[in-house]
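For reference, the structure is listed below as structure tokens.
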Amino acid sequence: MYTLYFLIIYFIFCWRTRAYLVLSSLFILFPIHITLKHCFAILGGDVYFPFWYDIAIFFLLQKAFRVKMQVSYYWIVFLFFILYLFAFYFLLPNDKDAISTLRIYLHCFCLFFSLSTLKFTSLQIKKLFIVQLWVTYILCITGIVIYFFFQSDWHLFLNHYIIDKNGALSYVTPSFTIMGIERMNGLIGAPNQFGVYMAYVWLWIYSACISKSINKFSSWLCLVLISGCLFMSFSRAGWALVIITLFLFNFYKGKAVVVIKFMFAMLFALVLIMAIVFILEPMFFDIVVASLTGEESSASTRGDMVHDFYLQLLSTPWGNGLGTGTIDGDGGNIAESSILLQAYEIGIQGCAFYLFLWFVLLKKMRQYKTEIYLIMSSLMIATLMVSVVSVNIFQYPYVYYIWGGMGFVLNKSVKSVYENR
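Quick note on full-length UniProt numbering: the sequence shown kicks off at 1 and runs consecutively.
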């Protein structure tokens, strides 16, 4: 009943309010979706709770259709890919999770369309950034507090513990620890998702800092907090997203000296961080070294998993149906690779179509030379690279943020604001 009340109130809010406020609510609710869902489950039911973001995306789309828009050539590519997905869904046998996978695609495309079409004023863009900044502050601070003071209680609250067949207490998934050390997950509730989310907001806030469009002190302080949380999540995908994006960004700036300085700066920062960590907690040092060298168990087997799955993919190149990449009863995936999982589900030709759409948008993004476009185009390339060895790129919440972010920066009103600064 509480879930129903929440959905009704949220429906009225999205219906009656402006688009930027609906988007602000997404900034607030998206990261803590899992935690909120569990709270509603305790109150009596959470079956319908995920429909809150269907409501938000629907009204963003509805408000976008009111805006006079110019049809771009990449909408044709979008249309054909959506038709391909529906044909795949209705004409081929699919897994029970097929509708969930289809929803992810449709949500991402609707977010992109809405945020690239809606009109935002300079003041609204500033307010959106402030909301994102303070949400990030809250997520970082609560993540740190939970990690150091309430980690066991938090796992217990979110039902992360199970009793195994030997009667011992263990985690529902081994991803909550790495080499016996807890990984930070905060209100997001999962360390891998927490890590890639922190990587995304780190780059978003960094782009605002270098464009000199916001209060520098509060933003740089937030970057420091995010860096700590990203490190403690031990998310190698998150680390890679930030490092690759920053390297490509400096490379796109066309300054070889800057690229060389960046490489030395990253090396110095890495050595400094590892030295501090070694002094404070020697075990953390071992984890970082094992992760970077591939000796940590999940890191060392990931390459073999991707290779084995690639051979399996070649035996069924035309696809196996939406949702078939999820292991029944486990909730995991049959390969730690977003790209290969996509090809497994919708076929190599479907994956190629998706990549073509991605590169069409990347080409559009590269037409602009301001910092935010260089950061986003660099992040798009980094996302593709990391998706080869990480499944978290096509999962909540990162996939929604990257598609929404691409749409937002391609928005004409946003473009005019950034170019006039």
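Yeah, the Cβ is synthetic: ideal placement off N, Cα and C, and Gly gets one too.
Just so you know, these numbers come straight off a predicted model, no measurement behind them.
Under the three-pair Cβ rule at 8 Å, the stretch 191-209 counts as touching the stretch 375-395. Residue nearest to Leu-79 within the set Val-131, Cys-110, Tyr-53 is Cys-110 (criterion: CA-CA distance). Cβ contact annotation for Glu-345 (same chain, cutoff 8 Å, sequence separation greater than five): Thr-101, Gly-319, Asn-320, Gly-321, Leu-322, Gly-323, Thr-324, Gly-325, in chain order.
Separation of Leu-92 and Phe-112 (C-alpha to C-alpha, rounded to the nearest whole angstrom) is 27 Å. When the alpha-carbon of Ala-19 is set against those of Ile-244, Ile-42, Pro-191, Leu-128, the nearest one is in Leu-128.
The residue among Leu-21, Phe-90, Leu-29, Ser-24 with its C-alpha nearest the C-alpha of Phe-6 is Leu-29. In the displayed model, Ile-178 falls within a strand according to three-state DSSP. With distances taken between CA atoms, Gly-186 lies nearest to Cys-140 out of Ser-219, Cys-140, Ile-226. The three-state reading of DSSP puts Ile-55 in helix, counting H, G and I together. Under the DSSP assignment, Ser-227 falls in the alpha helix (DSSP H) whose first and last residues are 216-233. In this structure, the beta-carbon distance from Phe-27 to Val-135 falls below 7 Å. The DSSP-derived three-state label of Ser-170 is strand. Shown here for Met-184: same chain residues with a beta carbon closer than 7 Å to its own, the five before and five after excluded, namely Gly-143, Tyr-147, Pro-191, Phe-194, Cys-229, Met-232, Ser-233 in chain order. By the Cβ-count criterion, Asn-159 is exposed, with fewer than 16 other Cβ atoms from all chains shown falling within 10 Å of its own Cβ. A direct Cα-to-Cα measurement between Met-385 and Ala-343 gives close to 15 Å.
Residue range 371-387 is occupied by the alpha helix (DSSP H) that includes Ser-387. Per DSSP, the continuous alpha helix (DSSP H) segment holding Ser-116 begins and ends at 98-117. Residue pairing by DSSP places Ile-162 opposite Ser-170 in a beta bridge. Closest by C-alpha distance to Ile-393, out of Leu-118, Trp-75, Cys-39, Leu-241, is Leu-241. Rounded to whole angstroms, the Cβ separation of Leu-357 and Phe-81 is 6 Å, and the two are in contact under 8 Å. The three-state reading of DSSP puts Asp-153 in helix, counting H, G and I together.
DSSP, read as helix, strand or coil, puts Gly-347 in helix. The shortest CA-to-CA distance from Gly-350 to any of Leu-85, Tyr-398, Ser-25, Val-47 is the one to Leu-85. Excluding its 5 nearest sequence neighbours in each direction, His-38 has C-beta neighbours in its own chain below 8 Å: Asp-46, Phe-157, Leu-158, Asn-159, Gly-189, listed in chain order. Close CB contacts of Trp-403 within its chain, under the 6 Å cut and outside five residues either way in sequence, are with Cys-108, Leu-111, Phe-112 (chain order).
Each of Glu-182, Phe-120, Trp-154, Tyr-10 was checked against the Cα of Gly-407, and the nearest Cα belongs to Phe-120.
Excluding sequence positions up to five before and after Trp-220, its CB lies within less than 8 Å of the CB of Cys-209, all in the same chain and listed in chain order.
About 16 Å separates the beta carbon of Ile-99 from that of Val-399, a gap too long to meet the 8 Å contact definition. Put simply, of Thr-3, Ser-387, Arg-16, Pro-31 the residue whose alpha carbon is nearest the alpha carbon of Phe-40 is Thr-3. Beyond the five residues adjoining it in sequence on each side, Tyr-373 comes within less than 7 Å, by CB distance, of Met-365, Val-409 in the same chain, given in chain order. Judged by their CB atoms, Ile-244 and Ala-382 are nearer to each other than the 7 Å cut-off.
Within its own chain, the residues whose Cβ lies closer than 7 Å to the Cβ of Val-67, once the five positions on either side in sequence are excluded, are Thr-117, Leu-118, Lys-119, listed in chain order. A distance below 6 Å between beta-carbons, with the five flanking residues on each side excluded, links Phe-249 to the following residues of its chain, in chain order: Leu-374, Ile-375, Ser-378.
DSSP, read as helix, strand or coil, puts Met-184 in coil. For Asn-320, there is no enclosing alpha helix (DSSP H), since its DSSP letter is neither H nor E.
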